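*Asks:* Quick note: this note's numbering has the sequence shown finishing at residue 237, numbered continuously throughout.
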Amino acid sequence: MSFINDLVELFERNKMPISEKEAELFSKYYELLSEGNAKFNLTSITDPKEVIVKHFIDSVLPCSIIPQKAMLADIGSGAGFPGIPLKIVRDDLSLTLIESTGKKAKFLESTVSSLGLEHTYIFSQRAEVLSRGKLRNRFDVVTARAVAPLNILLEYTMPLLWRGGLFIAYKGPGFHEEIEKAKRAVSLLGGELQETWEFDLNEEYKRVILVFKKTGETPDEYPRENKVLLRRPLGEQ
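1. Could you compute how far the alpha carbon of TYR170 sits from the alpha carbon of PRO85?
2. Can we say the segment 68-86 touches the segment 126-144, given the rule of at least three CB pairs closer than 8 Å?
3. Within the segment 62-94, note down every full beta strand (DSSP E) run reaching 3 residues or more, in order along the chain.
4. May I ask which residues mark the beginning and end of the alpha helix (DSSP H) holding GLY36?
5. Name the residue from HIS119, ILE179, PRO223 whose alpha carbon lies nearest to the alpha carbon of ASN137.
6. Between PHE81, LEU234, PHE167, ILE66, which lies nearest to LEU188 when the distance is taken from Cα to Cα?
7. Which residues bound the beta strand (DSSP E) around VAL147?
8. My output table needs one value for ILE152: the three-state DSSP class, helix, strand or coil.
9. So what does DSSP say about LEU115, is it helix, strand or coil?
10. Below 8 Å on the Cβ atoms is my guess for GLY190 versus THR157; work out the distance and round it to an integer in Å.
11. Using DSSP with H/G/I as helix, E/B as strand and the rest coil, what is THR157?
12. Where do the ends of the beta strand (DSSP E) carrying LEU193 lie?
13. Between the segment 35-48 and the segment 100-110, can you find at least three pairs of beta-carbon atoms closer than 8 Å?
14. Would you mind sorting LYS134 into buried or exposed? The rule is 16 or more other CB atoms within 10 Å of its CB.
15. Which term fits PRO82, buried or exposed, when burial requires 16 or more other beta carbons within 10 angstroms of its beta carbon?
16. Under three-state DSSP, which class holds ALA182?
17. Could you tell me the distance, in whole angstroms, from the CA atom of GLU192 to the CA atom of GLU217?
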């Protein structure tokens, strides 16, 4: 069975049918990912069906809660997850990929160009630096997948959001403990937990989507410098 056939079947099995154009873009993205992985060590997941489930389908799970024509920032984007898959199925989005590692940022630039993704921008800087400057209070939605513990992620992401914006965190089965540790961070940074979604993508792979809403203003003192917030995460001082 071809990659595209597997792609369409697995998306349909997870009740997320995709168009022919979207399938072609995902197929091309897979080719670019395979080529880039040989140079940049982008992902340890290389089996085609695992890439479809654990990267592509996993990335687009929350697409239905993202507002139309939203400005979305994906921090620690790495090989482009979840930002690029979300852009493929939601072309209305304005996407900003934030990746501080230079070689990965170059891969993202090349991939975005090859896929012809419009209104997609790459910043090769740290999120906490950008959120103290020109990207503060700018986005409707911020996503983060496999980046850091939740109490640290919140300090990276909440300053990037407008008041009323959403932070979507991709987490695993240990999310309850992370939520407990992050309660003080949520309060200090002007947010609240809105929704928790749990998914079983297959017998072995579980995904939890946490949706936070920015309900207040983030104090100017946040985010702190990276070395400080890593050494003293909010709620653990």
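Built from N, CA and C at the ideal position, the CB exists for glycine as well. These numbers come from a predicted model, not from an experiment.
*Replies:* Considering the structure as presented:
1. The residue you call residue 170 lines up with position 170 of the sequence shown. The residue you call residue 85 lines up with position 85 of the sequence shown. Looking at the two C-alpha atoms, the distance is approximately 14 Å.
2. They touch, by the three-pair rule.
3. The qualifying runs are 71-75.
4. Walking along the sequence shown from the start, residue 36 turns up at place 36. Counting along the chain, GLY36 sits inside the alpha helix (DSSP H) bounded by residues 20-40.
5. Walking along the sequence shown from the start, residue 137 turns up at place 137. Considering only alpha carbons, the answer is PRO223.
6. One-based indexing of the sequence shown puts residue 188 at position 188. Of PHE81, LEU234, PHE167, ILE66, the residue nearest in Cα terms is LEU234.
7. Along the sequence shown, read from residue 1 onward, the residue named residue 147 stands at position 147. Here VAL147 belongs to no beta strand (DSSP E), and DSSP marks it neither H nor E.
8. Along the sequence shown, one-based indexing puts residue 152 at 152. In this structure, ILE152 counts as helix in the three-state DSSP scheme.
9. To locate residue 115, count along the sequence shown from 1; it is residue 115. When DSSP states are grouped into helix, strand and coil, LEU115 belongs to the helix group.
10. Sequence index remark: in the sequence shown, residue 190 carries index 190 (1-based). Sequence index remark: in the sequence shown, residue 157 carries index 157 (1-based). Not quite, the Cβ-Cβ distance comes to about 12 Å (not below 8 Å), so this is no contact.
11. The residue labelled residue 157 in the question sits at position 157 within the sequence shown. In the three-state reduction of the DSSP assignment, THR157 falls in the helix class, which pools H, G and I.
12. The residue given as residue 193 occupies position 193 in the sequence shown. LEU193 -> beta strand (DSSP E) spans 191-200.
13. At 8 Å Cβ cutoff, the stretches touch.
14. Mapped onto the sequence shown, residue 134 falls at position 134. The C-beta of LYS134 has fewer than 16 other C-beta atoms within 10 Å across all chains shown, which makes the residue exposed.
15. What you label residue 82 is simply residue 82 of the sequence shown in a count that begins at 1. By the Cβ neighbour-count rule, PRO82 is buried, with 16 or more other Cβ atoms within 10 Å of its own.
16. By 1-based counting over the sequence shown, the position of residue 182 is 182. Coil.
17. Locating residue 192 in the sequence shown gives position 192, where the first residue counts as 1. Locating residue 217 in the sequence shown gives position 217, where the first residue counts as 1. Each residue's Cα considered, the two are about 12 Å apart.
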